[in-house]
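Before any comments, here is the structure.
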Amino acid sequence: MFTAHAKYHLGQVLRHRKHPFRGVVFDVDAIFSNTEEWYHNIPEDSRPARDQPFYHLLAENGQSYYVAYVSEQNLVPDETGEPVDHPDLGDLFGDFQDGCYPVTFQLN
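Counting from 2, one number per residue, gives the positions in the sequence shown under this note's numbering.
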């Protein structure tokens, strides 16, 4: 049986290791659970391993807001202490406090 342990948690602010965006974790997949098309659109020399946690983020960069799907190996904690400004945050989380967002939605 495969067991995965997520390094990051819901409501935590993270940034991408290589690309200029940051976001708030709102869901975690224990292993890759997106489409094959999505996976194969990543250049082969940059494709992350499938057998690691993948995070769904309410993400932002200098131009837009979006949902990102990122492997654990490509994420690091955001050390700025600044809130994220994604417009959907209020639907899932409480107010930014102590560097993260408290979960306010019902978990299964």
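Ideal placement from N, C-alpha and C gives every residue a C-beta, glycine not left out.
Can you list, in chain order, the residues of its chain with a C-beta nearer than 7 Å to that of residue i? Leave out the 5 residues immediately preceding and following it.
i, result
"lysine 19", "Asn75"
Check the C-beta distance from residue i over to residue j and give it rounded, since I have them as a contact under 8 Å.
i, j, result
"aspartate 79", "leucine 59", "At roughly 13 Å, the Cβ-Cβ gap does not stay under 8 Å, so aspartate 79 and leucine 59 are not in contact."
"tyrosine 102", "tyrosine 56", "Not a contact, Cβ separation roughly 14 Å."
Determine the direct distance from the alpha carbon of residue j to that of residue i, and round the result to whole angstroms.
i, j, result
"asparagine 62", "valine 14", "13 Å"
"histidine 41", "serine 47", "10 Å"
"alanine 31", "valine 85", "24 Å"
"glutamate 73", "aspartate 99", "22 Å"
"leucine 1", "leucine 93", "Residue 1 cannot be examined here, being either before or after the span of the chain that is shown, 2 to 109."
Does DSSP put residue i in a helix, a strand or coil?
i, result
"tyrosine 66", "strand"
"aspartate 92", "helix"
"aspartate 52", "coil"
"glutamine 13", "strand"
"glutamate 61", "strand"
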